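Each protein sequence line maps, in turn, to chains A and B.
Oh and the first sequence: position 54 is 54 in the numbering used here, straight run, nothing missing.
For any residue, its number in the numbering used here is found by taking its place in the second sequence, counting from 1, and adding 114.
This report refers to the structure that appears directly beneath it.
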Amino acid sequence: DAMVIQNPRYQVTQFGKPVTLSCSQTLNHNVMYWYQQKSSQAPKLLFHYYDKDFNNEADTPDNFQSRRPNTSFCFLDIRSPGLGDAAMYLCATSRGPLDGETQYFGPGTRLLVL
Amino acid sequence: SQQGEEDPQALSIQEGENATMNCSYKTSINNLQWYRQNSGRGLVHLILIRSNEREKHSGRLRVTLDTSKKSSSLLITASRAADTASYFCATPGGDKIIFGKGTRLHILP
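Right, dumping it as structure tokens:
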């Protein structure tokens, strides 16, 4: 089945130790998104790629970076995780960046920062 | 901000009852989506309703859209334990969608 896969599902890191979360998709969608979601809150968009074009949200901290080496894969790098970065990180895809295009989500990676 | 606001924030009902949650938004939109999120999981798209549609059905789900009131409702009929989840409305925001804060629905046995 076509899907969005995130690895790992749970990630524990130490304060200040870089961590990379990965996302892959078999949907062949053009757009990939990274969201941060804290407990009982709405998903917050960090950035998205339309093909290779990178779009950063204005309030995404510099501590967060992303790479998309090809259509199928996208990575979220957190250079120096702080306690406030503990959250669920959701990857999503859509066919295009059109207004209100349906998004398909992976199961998420829960990040714990010690 | 275009972020929709769901109401109520939390809802508990008995299994078999109907659940209604509402979403209000501020600016004109051409469509609105509803998503479900089970605890600790990703979001799942439920339904998209366009601005020229007043009502849409999908199985036990019924969504309405009132563009004059800038509001939408999601009705889940004959609720089941598996419907326990958070429900988010999402409105377009340029090349992305913006999620509301969600309604946490709990179905009691």
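Don't be surprised by glycine CBs; every beta carbon is placed ideally from N, CA and C.
The structure displayed is predicted, hence computed values, not measured ones.
Min CB distance Q103(A) to chain B below 8 angstroms: yes
Burial state of Q14(A), where buried means 16 or more other Cβ atoms lie within 10 Å: exposed
Rounded distance between the beta-carbons of L162(B) and N224(B), thought under 8 angstroms: With chain B covering only 115 through 223, there is no way to say anything about residue 224(B).
Y104(A) classed as buried or exposed, judged by whether at least 16 other C-beta atoms fall within 10 angstroms: buried
Where A199(B) falls, given that 16 or more other Cβ within 10 Å makes a residue buried: buried
Assigned secondary structure, D51(A) (DSSP; H/G/I helix, E/B strand, else coil): coil
Cβ pair S80(A), N55(A) closer than 8 angstroms: no
Segment contact flag, the region 144 to 160 of chain B with the region 73 to 87 of chain A, C-beta cutoff 8 angstroms, min 3 pairs: no
Closest by C-alpha distance to R9(A), when choosing among S24(A), T71(A), K44(A) and K17(A): S24(A)
Min CB distance P146(A) to chain B below 8 angstroms: Residue 146(A) is absent from the model: chain A starts at 1 and stops at 114.
C-beta neighbour in chain B for P43(A), strict 8 angstroms: yes
Presumed contact (8 angstroms Cβ cut-off) between G108(A) and G156(B), rounded CB distance: 5 angstroms
Buried or exposed (CB count within 10 angstroms, at least 16 for buried), S115(B): Note that S115(B) scores a pLDDT of 49, beneath 50, so its modelled location is shaky and nothing firm can be said.
Integer Cβ distance of A92(A) from Y50(A), believed to fall under 8 angstroms: No, A92(A) and Y50(A) are not in contact; Cβ-Cβ is about 13 angstroms, not under 8 angstroms.
Assigned exposure category for C186(B) - 16 Cβ within 10 Å defines buried: Rather than Cys, the amino acid found at residue 186(B) in this sequence is Ser. That one is buried.
V4(A) burial status per 10 Å Cβ neighbour count (16 or more: buried): buried
Proximity below 8 angstroms, CB of A211(B) to CB of Q117(B): The question names Ala, but residue 211(B) in the sequence shown is Ile. Not a contact, by the Cβ cut-off of 8 angstroms.
Local Cβ density within 10 Å of S94(A), reported as buried at 16 or more and exposed below that: buried
Cβ-Cβ separation, F75(A) to S66(A) (assumed contact under 8 angstroms), whole Å: 6 angstroms
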